[in-house]
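Have a look at the structure below before the remarks.
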Amino acid sequence: MNNTEQKFIYFEKQGADMMCGVHCINSLLQGPYFDEVTMGEIALKLDQQERELLAVGGLSSKDYLKYMQEGSSNVANDGNFSMQTLSEALKGFGDYSATPVENPEIKKSIKDYGNEEAFICHSVDHWIAIRKVHNVWYNLNSTNMFPPGPQTISDFYLSAFLDSIKNSGYTIFVVRGVKPLPMPNKYQFSGQLRSNQHYVALHVIESYQKDNKNRKLNVSGQDERELEEALQRSLKDSYPKRDGKDDDDDDSAPSVGTILNGGKGKQAEEKKFEAFKGQGVSLGGQKEDVVMNEADAFMYEGFADDPELAEAIKQSMLEEEAKSIVIPEEPQDSDDPNSYTKLQLIMPDGKKLIRKFFFDNKIQVFSNL
Numbered sequence: 001m002n003n004t005e006q007k008f009i010y011f012e013k014q015g016a017d018m019m020c021g022v023h024c025i026n027s028l029l030q031g032p033y034f035d036e037v038t039m040g041e042i043a044l045k046l047d048q049q050e051r052e053l054l055a056v057g058g059l060s061s062k063d064y065l066k067y068m069q070e071g072s073s074n075v076a077n078d079g080n081f082s083m084q085t086l087s088e089a090l091k092g093f094g095d096y097s098a099t100p101v102e103n104p105e106i107k108k109s110i111k112d113y114g115n116e117e118a119f120i121c122h123s124v125d126h127w128i129a130i131r132k133v134h135n136v137w138y139n140l141n142s143t144n145m146f147p148p149g150p151q152t153i154s155d156f157y158l159s160a161f162l163d164s165i166k167n168s169g170y171t172i173f174v175v176r177g178v179k180p181l182p183m184p185n186k187y188q189f190s191g192q193l194r195s196n197q198h199y200v201a202l203h204v205i206e207s208y209q210k211d212n213k214n215r216k217l218n219v220s221g222q223d224e225r226e227l228e229e230a231l232q233r234s235l236k237d238s239y240p241k242r243d244g245k246d247d248d249d250d251d252s253a254p255s256v257g258t259i260l261n262g263g264k265g266k267q268a269e270e271k272k273f274e275a276f277k278g279q280g281v282s283l284g285g286q287k288e289d290v291v292m293n294e295a296d297a298f299m300y301e302g303f304a305d306d307p308e309l310a311e312a313i314k315q316s317m318l319e320e321e322a323k324s325i326v327i328p329e330e331p332q333d334s335d336d337p338n339s340y341t342k343l344q345l346i347m348p349d350g351k352k353l354i355r356k357f358f359f360d361n362k363i364q365v366f367s368n369l
């Protein structure tokens with residue numbers, strides 16, 4: 001038995017639920033340490049602390065009544081947990097902290113993403129664990145196709161990958177502690193695993209990665225296999241039968257593997273390039289299919305042998321584009337109160353932010369904030 005056959009990566013597969021917060025924490029800690037019940041207890045404890053804090057201002061105060069009307073901000077009815085809940089779980093487990101990488105002190109301390117041990121990525125309704133295990137980085141997104149589940153991330157690509165998903169609307173948290181995060185121990189939980197909890201042998205992951213080396217990393221909140229099947233149906237609709245032939249016999253239609261693997265296979269042999277980026281999550285929380293534009297497709301085709309370099313170049317271009325975004329001036333107290341409105345925003349980390357906008361501001365202008 002070689003060395004890779006003796007090593008495992010812990011992975012939790014998400015079903016038709018919103019338990020990605022639980023899956024994220026367990027994948028980060030490399031074991032089934034939490035479930036929806038224990039996480040729910042943490043959320044309720046935080047709710048109680050928040051109620052007691054607001055009650056100091058009086059049970060009839062506007063803030064208290066508004067809080068009671070809104071309900072829990074730490075666990076949604078569908079089971080999605082807040083960042084405070086995940087942070088409290090990490091703190092209670094082993095005094096670990098999760099801090100936004102954009103925090104000035106953290107930003108200053110991060111010299112190289114690769115020197116860290118783990119990250120949590122959060123969109124409006126999805127959580128992803130990025131963890132270094134056995135000196136290799138893994139994308140442990142619970143919607144990854146299983147098998148194999150975990151997706152490897154090269155040291156070279158890690159920074160570009162994190163910047164990429166940050167630009168797509170995710171907030172990145174770096175996880176740190178006074179002691180290293182736990183390593184996977186398959187035998188510690190022998191006989192206790194649920195059907196969606198897996199210890200995946202390292203050689204299985206490496207074998208799949210070798211056969212699908214150009215497959216894009218999954219950062220979607222939608223199941224990757226369902227996404228493939230939907231794409232397959234879409235392709236069949238886009239390429240109708242010709243001369244009475246079945247769709248499966250139509251060689252002109254690109255395969256799902258060709259598209260999701262970055263244009264390799266038969267289409268690549270014919271010097272054709274089809275590109276698909278999958279499903280993203282906007283800042284507003286709505287999921288949308290994103291098809292790679294012609295310029296991006298051309299760039300990825302030109303760097304087909306080095307997709308990581310292509311992605312890094314693309315992110316550099318996006319950063320330059322972001323510099324040109326004009327942020328609208330915020331109304332001042334001296335302005336006519338009838339000329340603007342106030343919006344309360346709940347940030348990805350759970351904090352609340354109040355911003356003011358003039359009525360004549362265009363939605364597309366401040367949606368980039």
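The numbers in this note's numbering rise by one with no breaks, and the one at position 29 of the sequence shown is 29. We put the CB at the ideal spot given by N, CA and C, even for glycine.
Is DSSP giving residue i helix, strand or coil here?
i	result
R131	strand
N374	Any answer about residue 374 is impossible in this case: the structure gives the chain only from 1 up to 369.
T171	strand
P100	strand
F358	strand
I106	helix
A160	helix
K111	coil
L343	strand
V37	helix
E50	helix
T152	strand
D247	Low per-residue confidence applies at D247: pLDDT is 49, beneath 50, and the placement is therefore not dependable, though the value from the model is reported in the following sentence. Helix.
F81	strand
F11	strand
Would you call residue i buried or exposed, if buried means 16 or more other Cβ atoms sit within 10 Å of its Cβ?
i	result
L29	buried
A160	buried
Q188	exposed
K7	buried
I9	buried
P337	exposed
E288	Annotation note: pLDDT 41 at E288 (below 50); position unreliable, coordinate value reported separately. With fewer than 16 other Cβ atoms within 10 Å, it is exposed.
S334	exposed
F156	exposed
M183	exposed
N135	exposed
A16	exposed
I153	buried
F11	buried
My assumption, with CB atoms under 8 Å, is that residue i sits in contact with residue j. Please give the rounded CB distance.
i	j	result
A118	L181	6 Å
Q49	T143	Contact doesn't hold; Cβ gap of about 32 Å is too wide.
P32	L193	6 Å
Who are the near neighbours of residue i in its chain, counting only those whose CB is closer than 8 Å to its CB and skipping five residues on each side?
i	result
K356	E330, P331, Y340, T341, K342, L343
Y96	L90, V175, R176, G177, L181
N370	The shown model of the chain, from 1 to 369, leaves out residue 370, and the question about it has no answer.
D35	V22
M18	A76, D78, G79, N80, D125
Within the same chain, show all residues whose beta-carbon is closer than 6 Å to that of residue i, passing over the 5 residues directly before and after it, in chain order.
i	result
I172	V101, F119, C121, L162, K166
V219	I165
D47	S72, N74
Leaving out five residues on either side along the sequence, give the residues of the same chain with a beta carbon under 7 Å from the beta carbon of residue i.
i	result
S190	none
K45	none
Would you say residue i lies against chain C (beta-carbon separation less than 9 Å)?
i	result
S164	In summary, chain C is missing from the structure at hand, where a single protein chain is found.
> How do the stretch 38-52 and the stretch 81-91 stand: do at least 3 beta-carbon pairs fall below 8 Å, yes or no?
Replying inline: yes
>> Could you check whether the stretch 198-218 touches the stretch 146-155, counting it as contact only if at least three pairs of C-beta atoms, one from each stretch, sit closer than 8 Å?
In response: yes
> Touching or not, the stretch 120-140 and the stretch 17-28, by the rule of three or more beta carbon pairs under 8 Å?
Replying inline: Yes: the two stretches touch, three or more of their Cβ pairs being nearer than 8 Å.
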